[in-house]
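So in my numbering, spot 514 of the sequence shown is number 514, and the numbers just go up one at a time. In this text, a Cβ means the ideal position worked out from N, Cα and C, and glycines have one as well. Beneath this line is the structure, given in structure tokens, with notes to follow.
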Amino acid sequence: MTQAKPTAIELRGITKRFPLVLANDNINLKVKWGSIHALVGENGAGKSTLMKILYGMQPPTSGEIWVNGQQVHFHDPKDAIAQGIGMVHQHFMLVEPLTVTENVILGMEPTQGTSINYGAARKRVKELIDQFKFDLNPDAKIEDLPVGLQQKVEILKTLYRGAKILILDEPTAVLTPNETRELFSFLKNNYIAQGNSVIFISHKLHEVLELCDEISVIRDGKMIGSIDASDATEIKIARMMVGRDVVLSVEKAPPQPKEIALELQNVVVQGGHKKPIVNNVSFSVRAGEIVGIAGIEGNGQSQLVEAITGLMHINGGRILYQGKDLPRANAARVSLAGVSHIPEDRNERGLVVDMTTAENMILGQHTRAPFAGFLGLLDLEKIEQVARERSDKFDVRPRSTSLLASQYSGGNAQKIIVAREMAKSPKILIASQPTRGVDIGAIEFIHKQIVAARDQGLAVLLVSADLTEVMNLSDRILVMFEGEIVGEVDAEKATQEQLGLMMAGVRNAPPIPDQGLQGSAAVPSGSPNSSAPEVDRDSGGAVAGSSLNKPVQNPDQD
């Protein structure tokens, strides 16, 4: 009989109240020594708030924290660090001009007299690098390291401070498949093997199942339950997360591509950099197909989309919309040419958050019939009618046309944008990070709408940092690295291994069988049914609404 592992951390009755919302509601959680414990839930469910409490960043309203059998009280992260707890945030906190060693010891520099004992610090950092088998040079500058190694520096910072319990917040969000494999290998074969514990926050359920020993699910601020990973499936976890069955796979018929609708010819975007941020990019998208662009964020995808949609001027080449060149195009001209755009940042580009649902539903169409009549006067009755129809068709909840956009959850706010853009009867759809910060139920719905658009004859360009999303939705996949297209593959034949190599800069990498996330490395790394507004329990109670080594902030990620 296997002896039960002792408890590393226990949270008892943790409750956190903000003025507008109950973020954590009487949550109990146990994490065992020598295990990887996943914490999953939809965006705004309360995961990040709970971990901020555990790391001393926020005090609980009530409840207790126990570490190694002793009750503790945290006033700030220093108290948590003193108890052996470390946290690696999704957005790295590194000083790029400094070296690995300088970043690791920052704030905890050993001294000799009145000076920093850099030699002793470097020696200790090198010992940790060797102990945990990190492929790191203690003297390398952060700005010269790819994202995967930058993340190892963040982990090294916690190890230097004696972390025995490591909190990882969406750690694979900016990693290639190979870097993800290396991270998992470190966690399983080094960190956990030495008796430590990990709390792993992720929305990638296949990763959770492959890596973790136990899985806890939070929904609407409450702990729904914990299950052994060996007894779990993606469908079972998704059901716990949203309270209903969810179709996780994307079902689509073979594409029926027709004429070229969007064509880029040697497009260059300088973007204020010495080297073009979009460099000599050429490709086409046909009516009736989905072309996906994969790549680590920060490799020119955002600027490429802004160039196509008229938000950024190009410095060279041509962009043809249904065969027509639009010199000095702006967003309005591109929209009139039949292009709809689901932007990557819905709050900055997709919505006016202080406007109502009805007003947001007709943005870009408000100056034309049937919404504006003679002298440009708005037909408010028609606007309300159309907004209600679009809300019904795209299942926007709650069904109020008078709510402000800021009062919707991420998923429902995104549905408003999708409804508006699809209602324009476009010929070309540009979908950039279409499900970012969106709950599982809304992801399912948006994916169906994108496939339906393709089947109706639209040319769809999908840009996503989620490789699984790109592989599931696309008919053809392009890979972008440092502003250039480095490969194109048929989505049916593509593997994560092959795409991962191209995402790391290997041009036209050959097909390679997937090895699984804990396989050997290929190359060394350098609630939907509610009628009330949903709220974000990880935003203080508000109603929810370059190169490989540059992580990009995701404002909607939990």
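- Looking at the DSSP output, residue 430 shares a beta bridge with 341, 461.
- Measuring C-alpha to C-alpha distances from residue 54 to each of 198, 114, 101 identifies 198 as the nearest.
- Around the beta carbon of residue 170, 16 or more other beta carbons sit within 10 angstroms, so the residue counts as buried.
- Judged by DSSP in its simplified three-state form, residue 481 adopts strand.
- Remark: C-beta atoms of residue 475 and residue 290 approach each other more closely than 8 Å.
- Annotation for residue 222: the continuous beta strand (DSSP E) segment containing it runs 222–228.
- Note that the segment 317–336 touches the segment 260–273; at least 3 beta-carbon pairs, one per stretch, sit closer than 8 Å.
- Between the segment 270–285 and the segment 439–450, the count of Cβ pairs shorter than 8 Å is below three; the stretches do not touch.
- Put simply, the segment 214–225 does not touch the segment 58–69. Fewer than three CB pairs are less than 8 Å apart.
- Assigned with DSSP and collapsed to three states, residue 403 falls in coil, not helix or strand.
- The C-alpha of residue 412 is placed about 11 Å away from the C-alpha of residue 437.
- Residue 488 and residue 160 have their alpha carbons spaced roughly 42 Å apart.
- Where residue 389 is concerned, the enclosing alpha helix (DSSP H) starts and stops at 380–393.
- For residue 325, the CB contacts under 8 Å within the same chain, skipping 5 residues up- and downstream, are 318, 319 in chain order.
- Taking the Cα positions, residue 342 is about 46 Å away from residue 195.
- Per DSSP, the continuous alpha helix (DSSP H) segment holding residue 206 begins and ends at 205–211.
- In this model, residue 479 and residue 295 are separated by some 6 Å (Cα to Cα).
- With a cutoff of 8 Å on beta-carbon distance, residue 512 and residue 492 are scored as not near each other.
- In this structure, the straight-line span from the alpha carbon of residue 360 to that of residue 286 is close to 29 Å.
- Counting the other Cβ atoms within 10 Å of the Cβ of residue 182 gives 16 or more, which makes it buried.
- Here the C-alpha atom of residue 378 lies approximately 28 Å from the C-alpha atom of residue 430.
- Residue ranges of uninterrupted beta strand (DSSP E) with 3 or more members, entirely inside the segment 32–68 and ordered along the chain, are 36–40, 62–67.
- Note on geometry: alpha-carbon atoms of residue 154 and residue 90 lie some 10 Å from one another.
- Just measuring C-alpha positions, the residue of 395, 193, 428, 452 sitting nearest residue 442 is 395.
- Judged by pairs of C-beta atoms under 8 Å, the segment 66–82 touches the segment 2–21, as three or more such pairs exist.
- The shortest C-alpha to C-alpha distance from residue 501 to any of 96, 112, 28, 178 is the one to 178.
- Counting only runs of at least 4 residues, the segment 123–192 fully encloses the following alpha helix (DSSP H) elements, listed from N- to C-terminal order: 147–160, 177–186.
- Taking C-beta atoms under 8 Å as the contact rule, residue 486 and residue 505 qualify, at a distance of about 7 Å.
- In the DSSP assignment, no residue is bridged to residue 300.
- Taking 8 Å as the cut-off, the beta carbon of residue 405 is found closer than this to the beta carbon of residue 352.
- For residue 7, the enclosing beta strand (DSSP E) starts and ends at 7–17.
- According to DSSP, residue pairing for residue 85 in a beta bridge involves 165.
- Residue 504: not part of any alpha helix (DSSP H); DSSP gives it neither H nor E.
- Distance from residue 357 to residue 391 at the Cβ level is roughly 7 Å; contact confirmed, criterion being Cβ atoms closer than 8 Å.
- Counting the other CB atoms within 10 Å of its CB gives residue 455 a total below 16, which places it among the exposed residues.
- In the DSSP assignment, residue 348 falls outside any beta strand (DSSP E), carrying neither H nor E.
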